[in-house]
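Everything on this sheet refers to the single structure shown next.
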Amino acid sequence: MTSNGEVRTVVGWRVASAIPLVVLVALLLGPAAGGAPAEPIVLGVPTALGSIEGADSLRAVQLAVDEINARGGVRVGGVQRPLQVVSIDTREHEPGIPIHDALAALEKLITERRPHAIVVGAFRSEVLLAAMDVVARYRVPYVVTIAMTPAFEARIASDPAKYKYLFRMGLQSEYFAGNLARVLGFVKSRFGLSRVQFVHQDVLWAKGTVGFLETWARQAGWTLVSADAYPTGATDFSASVLRARTGRTQVLVPVFDMPQSGILLKQVQGARLPVLVLGFISPAVPADAWQTFEGAVDGMVQFVAEPGPIAIRALPKSVHFNRAYGQKYGEAARLKLSGHGPGPSYDAVYVVAAAMERAGTLDPDRVAEEIRKTDMEGAIGRIRFNDRHQVVYGGLPTQTAISLAFQWRAPGRRVVVYPEMAAEDEIRLPAGIAR
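In the working numbering, the protein residues as written are 22 to 456.
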């Protein structure tokens with residue numbers, strides 16, 4: 022009996038002594054050391070993955086997720102939880118794909134993968150507006166970074182309680198149009214140019230941009246040669262090139278996000294048309310576009326919606342993002358970075374993660390409220406939302422997010438010319454332009 026008692030005493034001492042050690046190890050190493058790993062926080066990415074903007078934005082999201090997970094994940098309610106990315110291709114960039122199909126993909130992602138938040142989101146503005154009610158119904162914090170229509174803000178203002186989960190970090194088309202107008206104003210005053218022609222994709226954001234610019238141009242004293250619309254997928258822009266020649270166009274302003282739009286540059290080059298091309302052609306942003314279009318981009322002033330594909334020294338996080346993207350995906354992928362989406366998509370992950378930590382919960386109402394309060398520095402500049410849930414863009418990165426423009430120059434350099442705080446040189450006119 023005594024020996025049995027001694028055994029029980031020894032065993033009891035060992036167990037009692039081991040308990041604090043187990044607790045200590047669990048505290049030091051986190052939840053995974055004491056049992057099953059913490060459940061991941063799921064970030065959904067429903068977007069047009071076949072587009073360069075969508076594909077690059079997904080990679081930017083994964084980069085941010087990997088960085089956050091390498092630091093231990095997101096601390097919510099006292100528990101460190103890793104982030105996990107799930108995605109679905111909405112195919113909304115493809116010609117002829119109905120809005121309903123993109124919405125079905127969004128709803129499939131929400132119901133089957135149950136994301137705690139969605140980033141990147143709709144590619145087409147038409148899809149974004151239709152998706153707002155779906156997001157509101159499922160109560161998922163949603164940070165869009167590509168679709169640009171200002172109608173998004175008007176819808177939020179119409180019912181703030183219903184749409185409180187929706188935010189936009191990418192450039193809105195009115196900001197984009199305002200930047201274009203400022204640069205057009207500069208070339209008019211600096212070089213005395215006065216004849217402008219708009220060529221655009223027949224989609225909501227591009228039509229809105231050109232509609233604003235047409236009104237502005239007339240008020241600013243420009244002669245409007247024409248405003249030509251082309252359906253998504255169009256591959257022949259020769260009618261506009263001919264119109265530019267006969268109308269003595271001096272500044273040609275393209276507004277396109279479709280990959281085929283680069284053909285316009287080849288046709289302008291082939292016609293030896295002496296015009297300043299100034300606008301946005303999605304495939305003309307990447308650093309390898311000079312080779313892709315065999316120098317046809319030469320002289321074009323290309324807008325970049327947000328920092329990311331081009332690092333700005335005044336924005337250290339844009340430098341970090343650009344470098345880290347190349348380290349993770351390779352130099353070729355970095356050189357191909359698109360001009361709209363990747364920067365704000367990368368930042369969106371940090372915004373959502375910080376909001377969850379501040380909320381101390383994954384409750385969508387509380388997370389949405391913390392997203393609304395965001396005030397942080399990112400790759401795109403200072404990130405703050407207005408009362409319609411749009412990140413504010415301007416010209417000073419200490420106060421706002423920014424966009425920029427560069428001019429293509431031989432032998433394939435992208436020289437930043439806007440905004441002034443980041444400019445490396447002034448715009449140069451192509452040889453032979455009529456003045």
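Cβ coordinates follow ideal geometry from the N, Cα and C atoms, glycine included.
From residue i to residue j, what distance separates their C-alpha atoms?
i	j	result
HIS361	ALA326	5 Å
ALA387	ALA375	In the sequence under discussion, the amino acid at residue 387 is Arg, which differs from the Ala named in the question. Taking the straight line joining both Cα atoms gives about 12 Å.
ASP446	GLY329	20 Å
ALA255	ALA317	19 Å
GLY71	LYS129	18 Å
SER215	VAL274	13 Å
ARG264	LEU225	24 Å
VAL436	TYR414	21 Å
GLY433	TRP311	5 Å
PRO337	ARG92	20 Å
ILE167	VAL140	10 Å
LEU84	ILE401	16 Å
VAL204	GLY416	12 Å
PHE342	GLN348	10 Å
MET442	PHE207	15 Å
HIS132	ILE73	Looking at the sequence provided, one finds Thr at residue 132 rather than His. Using only the alpha carbons, I get a separation of about 27 Å.
ARG176	ARG293	45 Å
Considering residue i, what are the terminal residues of the beta strand (DSSP E) in which it resides?
i	result
TYR439	434-439
HIS221	216-222
GLY142	Where GLY142 is concerned, there is no enclosing beta strand (DSSP E), given that its DSSP letter is neither H nor E.
SER247	244-251
SER108	104-110
Excluding the five sequence neighbours on either side, which residues of its own chain have a C-beta within less than 6 Å of the C-beta of residue i, listed in chain order?
i	result
ARG379	GLU391
PRO280	PRO304
ASN200	SER424
ALA202	TRP237
ASP122	none
VAL298	LEU273, MET321
Tell me whether the beta-carbon of residue i lies closer than 8 Å to the beta-carbon of residue j.
i	j	result
ILE423	PRO451	no
ALA332	VAL322	no
LEU149	ALA198	no
VAL220	SER259	no
GLY242	THR170	no
LEU64	VAL373	yes
VAL161	PRO136	yes
ALA59	MET190	no
ALA172	THR111	no
THR395	PHE406	yes
LEU146	SER366	Rather than Leu, the amino acid found at residue 146 in this sequence is Ser. Taking 8 Å as the Cβ cut-off, SER146 and SER366 do not qualify as a contacting pair.
GLN411	GLU88	no
ASP309	LEU356	yes
TYR186	VAL156	yes
GLY213	VAL246	no
PRO418	ALA81	no
Write down the C-beta distance between residue i and residue j rounded to the nearest angstrom, noting that I regard them as a contact closer than 8 Å.
i	j	result
VAL66	VAL100	The pair is not a contact, with the Cβ atoms about 24 Å apart (cut-off 8 Å).
ALA143	ALA152	5 Å
GLN222	ASP278	7 Å
GLY283	PHE314	6 Å
PRO295	ILE62	55 Å between Cβ atoms; not a contact.
CB-CB under 7 Å to residue i, same chain, minus the five flanking residues each way: which ones, in chain order?
i	result
ALA178	ARG409
VAL438	VAL322, ALA426, PHE427, GLN428, ALA444, ASP446, GLU447, ILE448
VAL306	GLN323, VAL325, PRO330, SER359, GLY360
SER194	MET169, THR170, PRO171, TRP226, GLY229, THR230
Tell me which residue opens and which closes the alpha helix (DSSP H) that residue i is part of.
i	result
ARG134	120-134
ARG393	385-393
SER72	Taken as a continuous stretch (DSSP letters only), SER72 belongs to no alpha helix (DSSP H), as it is neither H nor E.
LEU201	194-212
SER13	No answer is possible for residue 13: it lies beyond the span of the chain, which begins at 22 and ends at 456.
GLU378	363-380
THR267	259-267
Please list, in chain order, all residues of the same chain as residue i whose beta carbon is under 8 Å from its beta carbon, the five residues on each side excluded.
i	result
GLY98	GLY381, THR382
Any Cβ of chain B within less than 8 Å of the Cβ of residue i?
i	result
ALA443	This model lacks chain B altogether, as it is built from one protein chain only.
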